[in-house]
Every structure is written in C-alpha cells, then in structure tokens.
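Inspection log for the structure reproduced underneath, given as structure tokens.
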Amino acid sequence: MRKFIYFFLAVLISAFQSGNSGDLSIVDIDIIEKSTNINEEWAFDIMSSVFNSSNETKIIKLKIDIISMPYGHSFGACWASGCLGSSIENWVGEKTFELKPYSKIDDFVFVGHYYCYYQDIACTPGVGKLRFTFFDSNNPNDSASIFATLTFSDGTGITNGYSQSNLEVNYMQSNLLRFTPEDNQESYSYSIISVNGFEVSNDKFSGETEVNLNGMSSGAYLYTVFDSKGKIIAKGKMLKN
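Numbering (my numbering), first residue to last: 20 to 260.
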C-alpha cells in the first residue's frame, strides 16, 4: 500500500511539472547583451525566434517589459506585420502570430529595437534592460522570454561617415559641420535630415564651408554631400548635443 501511495504521488508531481513547463521556448540564446559607443551606433536590433514543441497551433502575442531604462532612452519592435514606434512604457501588442506545431517563428517576424534617444532628447549614454515575452494568447502561462541588456557609452560627433578623398568632413566641438573640398572651384551641395525624415538644412557651396548646427534641436541627423552632377561624395550620421 505504501509503495502504491509513493508511486501515485510521483505520477502527480510529474504531471504537475509537465503541465507547467510550457510548450514555447526561445531558439538559441535567451539572454542578450550588447554594448557600443554612441559614436558608433544609436540603436540596437534584437532578433530571435520561438519554437512550439506541442502538437497544437499556438496563437502567439508579444509583450515588452522595462526592467530598467535611463531617461532619454526608448524601445520599439516590429512584430507580426506591425511596428511599434519608440516607446517609454511597458507594451502588449495586439497583433498575433499563428505558430504551427513543431515549428518556429519565421525570420524577421520579430525584431526588437532599443534607442539611446527619445523624440527630441539627444542620444545619451546609459544601460537599459528589457524583457521580451512571447506567450500563448489562450494560455498566457505558456510563455518564453528574452532578457536584453543594452549599453551605450559616451561619445559625440560623426559616426559611420563615408567621404571620397576629394572632400574632408569634420565635426567641430562648437557644433559646426565643416566641409573642405580639394577643388575650390567645384560646386557642391549638402543636405541634412533628421532621423524623423525632415530636411533641416540644405545649401550649395564651393571651397571650405561651415554649417552652424546650433539652431537645431539636440539629436541625431544624417548628412549627404553631392557634387555638381548630383553624385554623392560624402554621407554619414551625426550627433548634435
């Protein structure tokens, strides 16, 4: 009799553990750590996938929780054919993804984003921690999470710049963008665009010229320089404090 009771209890415990283990799991790694200097990048992409180990189709939803996030940082995500713009609050997506039995979420169905800036706030250094949770909308306890730690260290000026040898581009400490062409007789033009897609400055020039950025809001900008034939000879990202 005693052996039967022990066996019965063992079966119950096994069933309980199995029922709470869940059918969803993260493919590959579930802890992501990334770091960069804000002279290098102003955003991180977080990509992963989820596997359904059951013989039933799961209707998957995504939620993002802020564990910690410095003032001025924000996050976003593209998920199941929709995208969330930069946000500073916990988020639960409305869109769902139908995950077939014994399959994983397709590539690029989920791409998380983390930014060192928010709206008009300049890119600032700091460490953010987020939790991305994929869950069965019919059984939220069946879930799988990614934990991301994202670090931006200090930096200012131009990043990821490209320039042909006949044009030198420098970002000055006094918020001046200097273009120095090799041929002072050639005609050039430049365009500066905010990360929101608005052109904030453009002009033509020949010879060395300086663009005063002090009238612009703090934040990230893209610049492009063209020669007289409209060919791009310089481009890059720029951070204005």
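Backbone N, C-alpha and C fix where the C-beta goes; we use that ideal spot for every residue, glycine too.
I believe K80 touches G112 by the beta-carbon criterion, under 8 Å. Please report the beta-carbon distance rounded to the nearest angstrom.
6 Å
The stretch 218 to 226 contacting the stretch 41 to 56, beta-carbon criterion three pairs below 8 Å:
no
Simplified DSSP state of A163, which is helix, strand or coil:
strand
Can N71 and K123 be called in contact, C-beta distance under 9 Å?
yes
What's the call for K77, buried or exposed, on a 16-neighbour Cβ count within 10 Å?
buried
Using CA coordinates, which residue listed in S93, W110, L103, E75 is at the minimum distance from D84?
W110
Pop quiz: A99 and V128 are said to be a contact at Cβ under 8 Å. What is the actual Cβ separation, rounded to whole angstroms?
6 Å
Among A163, I252, L258, the one whose alpha carbon lies nearest that of N185
I252
Status (buried if at least 16 other CB within 10 Å, exposed otherwise) for K259
buried
Minimum C-alpha distance to S236 - residue among D161, I140, E229, A167:
I140
Consult DSSP for H132 and reduce its assignment to one of helix, strand or coil.
strand
Hey, out of T152, Y90, G234, C142, whose CA is closest to I50's CA?
T152
Can you look up T243 in the DSSP assignment and give me helix, strand or coil?
strand
Residues that W98 bridges to, as DSSP identifies them:
G101, F129
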